[in-house]
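With our numbering applied, the sequence shown corresponds to residues 1 to 789, in that order.
Backbone N, C-alpha and C define an ideal beta-carbon position, used for all residues, glycine too.
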Amino acid sequence: MHTLERTGVAPVRAPRRTLAGAVALVAVVAVACAAWLFERPPAVAGAGAPAGEFSAARAWPHLEKIATGGPTPIGSPGGDRIRDYLLAQLTALGLKPEVQTGVGARSFGSEITSGLAENVVAVIPGSASTGRVVLAAHYDSTTTTPGTSDDKASVAAILEIVRALKSSGQQPRNDLVILLSDGEEPGLIGAEAFAAHHPLAKDGGVVVNLEGPGNGAPSAVYNVTPGGTGLVRALSSMPHPVGESALIGIYRQTGFHSDLTTLEEHGFIGVDLGTAGGRAYYHHPRDTIENFDPAVLQMHGGNGLALTRAALAADLPAQRVPGDAAFFSAFGVVFAYPGGFVAPLAALGVLAVLGLTVLARVRRAATLPKMGLATLAGVVPVALAYLLGDRVWQLLTMIQPGYAGMVFGEPYRPDLYRLALIAMAVALVWGWYALLRRWLGTVALTVGSLAWLAVAGAALAGVMPGMSYYGAIPALAGGLAGIAALLLEPARPHAALAVRAVAAAVGVVLLTVGARTFAAFGLALAAVAVVLLVLAAYAALPLLAEVTPGTRGPRGRLRVALGPLTATALVFVLIGGGLIHDRFDERYPRAAHLAYVLDTATGAASWITADDRPHPWAAALTPQAPGEWKLPLPYGMRPAHAGRAEAAKLPAPEVSVLSRRQEGADTVTRVRVRSQRSAYQVNLHADRAATAGVIQVAGRPGVPFPEMESAPRPGAAWPFEAQFFAPPGDGVEFELRTRGAPRLVASDVTLGLDGLTGYRPRPADVDLSSSTGGLPTDSVTVVGRIQTP
């Protein structure tokens with residue numbers, strides 16, 4: 001075998017050996033599929049389940065009560081109904097809940113988001129408390145969704161968790177604070193008000209935050225706060241543990257936030273646990289009871305109960321451990337190791353591959369030049385994976401324009417597309433191997449592929465330690481298996497194949513489950529998932545080699561090409577099948593954004609949309625791409641398309657300048673903004689950046705402006721913007737400190753377009769676009785006159 005490979009000619013494999021290799025490859029694929037299936041939600045525990053257990057059947061009636069009736073954003077009558085229901089249920093469980101009404105303010109980019117929130121807070125005192133455990137979820141929704149998964153399923157789960165904890169009749173060791181927050185969706189308003197002003201937040205603590213990034217399984221740990229490494233041990237207590245530290249690094253870079261974000265900034269440590277599948281339904285009008293599986297609630301609530309119990313029993317100060325731990329789950333087991341082990345493990349992966357390189361050279365299985373060339377050539381599948389993965393969503397939106405309106409680039413039914421990504425990775429690696437095997441040989445290409453895994457592990461150890469195991473562990477397993485296989489062959493070929501299969505299974509399971517986890521970010525970010533799948537195929541390369549026939553003669557070369565060509569054809573078949581299967585209709589509608597803007601200074605009105613390629617229903621009202629857009633809109637929005645509208649007789653928000661004074665070079669201006677339309681949101685814009693300020697509503701202490709996350713956009717006409725949600729009827733006061741006297745303009749936002757001239761109701765197969773920030777769809781914004789200095 002080795003002599004033939006050194007001459008550059010691939011051997012003719014014995015049929016038995018090829019069959020054994022095929023069996024091993026199928027076994028590895030089966031193990032990987034089993035790892036995926038293991039993360040499916042469990043059966044629902046019925047209403048008669050033991051009292052101390054979580055039962056989705058008992059939680060479901062709560063969900064039906066709070067998730068029926070449409071969107072319930074902050075300040076809405078629906079939100080008030082839910083608040084009262086939560087107070088009644090917690091009281092029935094023997095607690096003494098309170099409503100904390102307070103102002104919270106945060107910055108996102110160069111904007112300030114604030115509002116008046118009504119949090120529901122309750123306490124179960126501990127018997128020998130070492131601190132406070134905060135069990136949190138938010139009961140508000142965005143303006144576009146009933147919010148069944150985000151986050152009312154978590155609220156219903158918490159009611160059942162509290163019932164299960166109370167059923168024992170015993171006090172927990174630590175204090176338990178139940179925080180059902182308001183105003184999470186527009187900007188973590190309720191959590192900020194709790195963390196900044198509530199006495200129960202004074203000394204920090206540990207947070208178990210239940211969230212809903214999607215409406216499907218698994219319920220996964222996607223964030224553990226820095227310094228909370230001790231909490232990783234608690235993940236093993238979950239009955240259905242799913243989570244990866246790799247996901248945490250990506251999550252922290254995406255700009256997403258949860259209530260844990262603001263609690264962390266106020267001294268808490270904690271865990272985000274969320275339903276990670278079904279991203280198409282995130283903030284979606286169809287995030288309803290009918291589209292939510294009770295089994296997902298069982299998994300989510302069962303995991304939440306276990307994490308809460310573990311935290312209540314723990315020595316909480318001991319959970320504050322500096323640094324981050326690396327961890328991942330597979331087959332219901334959490335594998336974790338301290339952050340200090342990341343670099344040594346990556347180094348071991350490199351050493352294992354180097355050891356295989358040396359042994360291959362000593363055994364004359366491959367030459368150093370060929371192994372070096374194979375390593376250099378290994379960049380090709382990785383680079384192509386990233387480029388092709390990055391183009392998948394663009395291709396799909398060209399073929400199916402309706403996909404452009406899907407949140408996070410995630411179709412309703414993405415499974416066939418995900419299988420296409422797997423086939424793409426297999427085609428790239430198998431084709432790369434088949435093309436180069438004749439010149440470089442199997443051993444050299446195996447070394448080259450493992451070298452890329454080792455390099456990935458070492459590089460990630462430096463820039464994103466929580467992801468390093470994606471390369472380090474498969475490189476270590478593959479390197480050691482390669483060494484063992486070279487020592488065992490040719491005397492014990494089946495034993496050599498067995499160790500290769502075990503190593504391949506380690507890498508394939510780790511990397512394919514990781515790719516599935518990254519699928520939570522949608523097909524628009526498929527490039528990362530395809531790269532992980534290519535690395536998984538690298539880990540399985542020795543088994544692909546076993547089932548690849550010899551290359552002698554034209555027929556041999558055709559047989560070699562058959563596997564990669566089949567995988568390539570499968571990519572197109574699966575994508576075509578996905579386009580046929582995932583069609584838009586009344587059950588799975590397209591999305592369209594449409595809003596109305598009135599400029600009371602000029603009397604001009606416009607229909608606008610944020611969609612680059614609007615649906616024909618919206619395009620009929622927004623036919624032009626706007627040129628220069630100077631009118632200040634919330635979130636600094638600039639419409640993608642606009643059209644003239646008939647001006648409605650709507651009053652502008654009142655802006656009253658209460659005082660203005662000079663303090664050196666600074667001008668301190670105090671204004672009151674009051675909506676005359678009972679607005680959902682009021683906004684204040686200034687043509688100068690504010691260096692400091694205060695937000696105040698009547699009868700409450702002023703809240704200082706938070707520090708801006710980033711500077712205003714260069715050249716922005718209105719570099720300062722403050723938003724206030726659920727404003728009281730008598731208005732909101734803003735005090736701004738600026739360099740020089742600012743020009744000011746206010747706007748207010750109400751929800752609903754009915755009654756406006758020219759508006760036509762949406763077709764049955766066109767729904768509201770999911771709210772992910774920016775001016776809400778189906779909203780009316782009225783911009784007032786500019787107040788000059």
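With 16 other Cβ atoms within 10 Å as the buried cut-off, status of residue i
{"i": "GLN170", "result": "exposed"}
{"i": "GLU735", "result": "buried"}
{"i": "SER747", "result": "buried"}
{"i": "LYS152", "result": "buried"}
{"i": "GLN89", "result": "buried"}
{"i": "PRO369", "result": "exposed"}
{"i": "GLN253", "result": "exposed"}
{"i": "SER656", "result": "exposed"}
{"i": "ARG163", "result": "buried"}
{"i": "GLU646", "result": "exposed"}
{"i": "ALA481", "result": "buried"}
{"i": "LEU384", "result": "buried"}
{"i": "ARG83", "result": "buried"}
{"i": "MET371", "result": "buried"}
{"i": "ASP315", "result": "exposed"}
{"i": "ILE580", "result": "exposed"}
{"i": "ALA804", "result": "There is no way to answer for residue 804, as the model of the chain reaches only from 1 to 789."}
{"i": "VAL333", "result": "exposed"}
{"i": "LEU387", "result": "exposed"}
{"i": "SER770", "result": "buried"}
Within-7 Å CB hit, residue i to chain B
{"i": "ILE399", "result": "Checking the listed chains, one finds no chain B in this structure; it contains a single protein chain."}
Per DSSP, cross-strand counterpart(s) of residue i
{"i": "SER771", "result": "Partner(s): none; SER771 has no beta bridge."}
{"i": "GLU118", "result": "THR101"}
{"i": "ILE608", "result": "ALA595 and ALA642"}
{"i": "ILE178", "result": "ALA122 and LEU135"}
{"i": "PHE720", "result": "ALA686"}
{"i": "ILE250", "result": "Answer is none; ILE250 lacks a bridge partner."}
{"i": "TYR337", "result": "ALA326"}
{"i": "PRO401", "result": "Answer is none; PRO401 lacks a bridge partner."}
{"i": "GLU211", "result": "GLY274"}
{"i": "ARG670", "result": "SER659 and GLU735"}
{"i": "VAL331", "result": "Correcting the residue identity first, residue 331 is Phe in this sequence and not Val. The partner list for PHE331 (beta bridge, DSSP) is empty, contrary to what the question assumes."}
{"i": "PRO704", "result": "VAL694"}
{"i": "ARG590", "result": "VAL766"}
{"i": "GLU111", "result": "PHE108 and GLU721"}
Beta-carbon separation (whole angstroms), residue i vs residue j, contact threshold 8 Å
{"i": "GLU489", "j": "THR18", "result": "At roughly 16 Å, the Cβ-Cβ gap does not stay under 8 Å, so GLU489 and THR18 are not in contact."}
{"i": "VAL155", "j": "VAL224", "result": "Contact doesn't hold; Cβ gap of about 22 Å is too wide."}
{"i": "TYR412", "j": "TYR588", "result": "5 Å"}
{"i": "ALA45", "j": "PHE54", "result": "7 Å"}
{"i": "PRO239", "j": "ALA306", "result": "6 Å"}
{"i": "VAL221", "j": "LEU235", "result": "6 Å"}
{"i": "GLN624", "j": "ALA642", "result": "6 Å"}
{"i": "PRO213", "j": "TYR282", "result": "6 Å"}
{"i": "PRO712", "j": "SER107", "result": "Actually they do not touch by this definition, with Cβ atoms about 11 Å apart."}
{"i": "LEU684", "j": "LEU744", "result": "7 Å"}
{"i": "ALA330", "j": "ALA35", "result": "5 Å"}
{"i": "GLY514", "j": "GLU244", "result": "6 Å"}
Any non-hydrogen atom of the ligand ZN closer than 6 Å to residue i Cβ
{"i": "GLY784", "result": "This structure lacks the ligand ZN; in fact it carries no ligand of any kind."}
Query - Ordered list of beta strand (DSSP E) runs contained in the region 255-319, each at least 3 residues - result: 269-277
Report task. Give a yes or no on contact between the region 126-137 and the region 193-206, applying the rule of three or more CB pairs nearer than 8 Å. Result -> yes
Query raised in the report: Which full runs of the alpha helix (DSSP H) of 4+ residues lie inside the region 411-471, going along the chain?
Result: Entirely contained in the region 411-471, the alpha helix (DSSP H) runs reaching 4 residues are, in chain order, 415-440 and 442-463.
Query raised in the report: Quick one: any contact between the region 412-423 and the region 331-339, if contact means 3 or more CB pairs under 8 Å?
Result: Because the criterion of three Cβ pairs below 8 Å is not met, the region 412-423 and the region 331-339 do not touch.
Query raised in the report: Should the region 461-468 be regarded as contacting the region 314-327, the criterion being three or more beta carbon pairs within less than 8 Å?
Result: yes
Report task. For the region 678-688 and the region 725-741, state whether three or more C-beta atom pairs, one from each stretch, are separated by less than 8 Å. Result -> yes
Query raised in the report: In chain order, which continuous runs of the beta strand (DSSP E) of length 3 or greater are located wholly inside the region 23-98?
Result: none
Query - contact_flag[the region 285-296, the region 138-146] where n(CB pairs < 8 Å) is 3 or more - result: yes
Requested in this report: Would you check if there are 3 or more beta carbon pairs closer than 8 Å linking the region 113-124 to the region 176-183?
Outcome: yes
Query raised in the report: Is the region 661-678 in contact with the region 721-731, if contact means three or more CB pairs nearer than 8 Å?
Result: yes
Requested in this report: Evaluate the contact criterion for the region 613-629 versus the region 754-770: three or more CB pairs, one atom per stretch, below 8 Å.
Outcome: yes
Report task. Tell me, please, whether the region 527-545 touches the region 443-451 by the rule of three or more beta-carbon pairs shorter than 8 Å. Result -> yes
Query raised in the report: So does the region 296-310 actually touch the region 423-440, counting three or more Cβ pairs closer than 8 Å?
Result: no
**Report entry** Touch test, the region 258-268 against the region 223-239, Cβ-Cβ under 8 Å, three pairs minimum
**Finding:** Touching, yes.
Report task. Pair every Cβ in the region 349-358 with every Cβ in the region 495-509, then say whether three or more of these pairs are closer than 8 Å. Result -> no
Query raised in the report: Could you give the uninterrupted runs of the alpha helix (DSSP H) lying entirely in the region 347-397, keeping only those of 4 residues or more?
Result: 368-377
Query raised in the report: Quick check: the region 515-534 against the region 564-574, are there 3 or more CB pairs under 8 Å?
Result: no
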